[in-house]
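Numbered per the working numbering, the sequence shown spans residues 9 to 349.
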Amino acid sequence: MYHFAFNALLRRLDPERAHSVALRLISLMGRQPLARRLVARVVGAGRTKGPVLFGRDLSGPLGLAAGFDKNASAVAGLAALGFSFIEVGTVTRFAQPGNDRPRLWRLLDQRALRNAMGFNNAGADQVAAALGKLRASRGGWNYVVGVNIGKSKVTPLDQAADDYFYSAARLACYADYLVVNVSSPNTPGLRDLQAGPALRPILQAAQIGAARSLRGTNRPGPLPLLVKIAPDLPNAAIEEIAQLVVELGLAGVVAVNTTIDHEYGAGGLSGPPLKARGLEVVGLLRGVLGSSRTILGVGGITKLADVEEYLAAGADAVQAYTAFIYEGPFWPTRVQRPAPQ
Ligand SMILES: Cc1cc2nc3c(=O)[nH]c(=O)nc-3n(C[C@H](O)[C@H](O)[C@H](O)COP(=O)(O)O)c2cc1C
């Protein structure tokens with residue numbers, strides 16, 4: 009049904025228009041308790057059991073990756089569709105429009121996407137308000153929500169730590185975990201922040217911001233803090249980041265972001281072409297991090313076997329974005345459910 013609709017209609021629609029229509033519908037559905045329950049029932053959400061993530065029992069191993077719900081406007085609806093956790097953002101300190109359009113393209117033959125969005129988002133203050141409202145609503149803490157933070161375009165690279173501090177301080181008290189994103193290819197210079205000397209002060213600033221955010225709440229700290237990395241880093245750099253994660257007492261790593269290793273033009277590529285390197289990076293990280301840190305595996309997950317491969321490579325839980333676009337609203341539950349014997 010979705011495949012039919014996708015082929016007949018959605019693929020003819022500008023990808024960004026299609027995305028915003030879908031997000032609005034999911035957000036709307038999420039606001040109506042009855043609609044939410046009905047949808048969860050129809051797709052079969054919440055019937056599986058998943059791993060424990062940061063002390064929370066997940067309903068399955070699959071979460072929604074960052075970038076789909078940048079402003080935390082559709083968390084309830086996305087959970088009703090079967091995502092066991094939702095990573096919102098990337099959120100930047102300042103609201104910003106992102107890059108000029110077009111900035112999102114489909115590669116239909118590979119079921120992949122290429123994007124150069126550039127962190128279009130409503131900014132930390134507004135997203136904090138949205139999350140505050142969600143958490144204050146009935147059952148609002150039932151959702152497992154990660155908040156992914158990044159650097160605003162206007163902030164010079166050498167002041168990046170201030171941005172991460174601000175966003176962490178505004179948002180951590182609403183989050184189950186926080187992700188420092190230094191790996192998106194569409195903010196000039198951002199990925200240079202993955203190098204040790206630049207990364208250390210940013211991670212420390214986020215830690216201090218998160219601690220400040222939790223103060224005055226009844227939530228025990230420290231809040232789990234992860235760093236999201238690019239697949240294009242050399243292995244040695246990935247191992248260095250993993251060592252820094254251990255040294256600073258971070259909770260873990262999200263691997264991987266989109267790749268710039270492609271010949272299609274600007275922006276980062278996501279979907280199946282990412283999977284092989286994603287698995288490799290997860291395996292590499294697990295080797296350095298040992299069993300005490302969390303790895304969220306992401307990149308090219310399309311079917312249950314992909315989920316299983318990521319878990320076998322060392323991921324504690326997984327995330328996806330691109331396959332959701334191609335496969336539709338029944339996909340999150342389908343991909344977490346073993347096929348009938
Ligand atoms: C349109 C689009 C926007 C994205 N925006 C973000 C973002 O804001 N922050 C982020 O950390 N990752 C972002 N990502 C990357 C995804 O979170 C994920 O790491 C990547 O797409 C690989 O997963 P996939 O193959 O399942 O899509 C975005 C991906 C896409 C396709």
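Glycine residues also receive a C-beta, built at the ideal position from the N, C-alpha and C atoms.
Sorry if obvious, but does the Cβ on I309 come closer than 7 Å to a heavy atom of ligand 1? yes
Mind checking whether the beta-carbon of N150 lies closer than 7 Å to any heavy atom of ligand 1? no
Count the C-beta pairs between the segment 182 to 192 and the segment 111 to 119 that are closer than 8 Å, then say yes if the count reaches three, no if not. no
Beta bridge counterpart(s) of V188 as assigned by DSSP: I157, V235
What I want to know is whether the C-beta of A73 ends up closer than 7 Å to one or more non-hydrogen atoms of ligand 1. yes
Report the three-state DSSP secondary structure of V261 (helix, strand or coil). strand
Give me whichever residues DSSP pairs with R64 in a beta bridge. Residue pairing by DSSP places R64 opposite L61 in a beta bridge.
Quick one: complete alpha helix (DSSP H) runs, 4+ long, within the segment 161 to 222? Taking only runs of at least 4 residues, the alpha helix (DSSP H) segments lying wholly in the segment 161 to 222 are 168 to 179, 204 to 222.
I'd like the list of long-range same chain contacts for V290, defined as Cβ closer than 7 Å, with 5 residues on each side in sequence excluded. A263, I303, G305, Y318, A321, G322, A323
Out of Q251, P228, G257, which one is the CA nearest neighbour of Q361? A query on residue 361 cannot be resolved here, the shown segment of the chain reaching from 9 to 349 and no further.
Give a yes or no on whether the C-beta atoms belonging to G85 and V51 are separated by under 8 Å. No, Cβ-Cβ distance for G85 and V51 is not below 8 Å.
Indicate, with yes or no, if ligand 1 has a heavy atom lying under 7 Å from the CB of G279. yes
Any heavy atom of ligand 1 within a distance shorter than 7 Å of the CB on Y329? yes
Can you check which of these residues, G148, N194, A313, R64, is closest to N123 by C-alpha distance? When only C-alpha atoms are compared, the closest one is N194.
Proximal residues to W149 (C-beta, below 7 Å), its chain only, five neighbours per side dropped: R143, listed in sequence order.
Out of P228, A244, I249, which one is the CA nearest neighbour of I237? I249
Is it right to say T98 is buried, meaning 16 or more other beta carbons lie within 10 angstroms of its own, or is it exposed? buried
Cα-Cα separation between I246 and V235, rounded to whole angstroms: Spanning the two alpha carbons is a distance of roughly 11 Å.
For Q134 and R294, I'd like the C-alpha separation in whole angstroms. 36 Å
Please tell me whether, using a cut-off of 7 Å, the distance from the CB of L121 to the nearest non-hydrogen atom of ligand 1 is below it. yes
How many Å lie between E335 and V315 at the Cα? 15 Å
Kindly indicate which residue of Q344, I333, Q167, S92 has the alpha-carbon position closest to the one of S67. S92
S300, DSSP secondary structure in three states: helix
Ligand 1 heavy atoms versus the CB of V306: any closer than 7 Å? Correct: V306 has its Cβ closer than 7 Å to ligand 1.
Can you give me the C-alpha to C-alpha distance between S299 and V254, rounded to a whole angstrom? 11 Å
How is F76 classed by DSSP in three states: helix, strand or coil? It is coil, neither helix nor strand.
For L70, the residue or residues it bridges with in DSSP: V326
Per DSSP, which residues does L42 bridge with? Please list them. BP columns for L42 are empty, so no partner.
With 16 as the cutoff for other CB atoms within 10 Å, does A313 come out buried or exposed? exposed
Looking only at C-alpha atoms, which of K141, E24, D65, A180 sits nearest to G75? Taking only the C-alpha atoms, the option nearest G75 is E24.
In this structure, what does DSSP give as the bridge partners for T267? L277
Nearer than 7 Å: is that true of the beta carbon of F127 relative to any heavy atom of ligand 1? yes
Per DSSP, what are the beta-bridge partners of A120 in this structure? L115
Within the same chain, show all residues whose beta-carbon is closer than 8 Å to that of P196, passing over the 5 residues directly before and after it, in chain order. K161
How long is the line joining the alpha carbons of I34 and R227, rounded to whole angstroms? For I34 and R227, the distance between alpha carbons rounds to 29 Å.
Residues near A103 by beta carbon distance below 6 Å, same chain, minus five either side: Sequence-distant partners of A103 (beyond 5 residues in either direction) whose C-beta falls short of 6 Å from its own C-beta, in its chain, are A130, G131.
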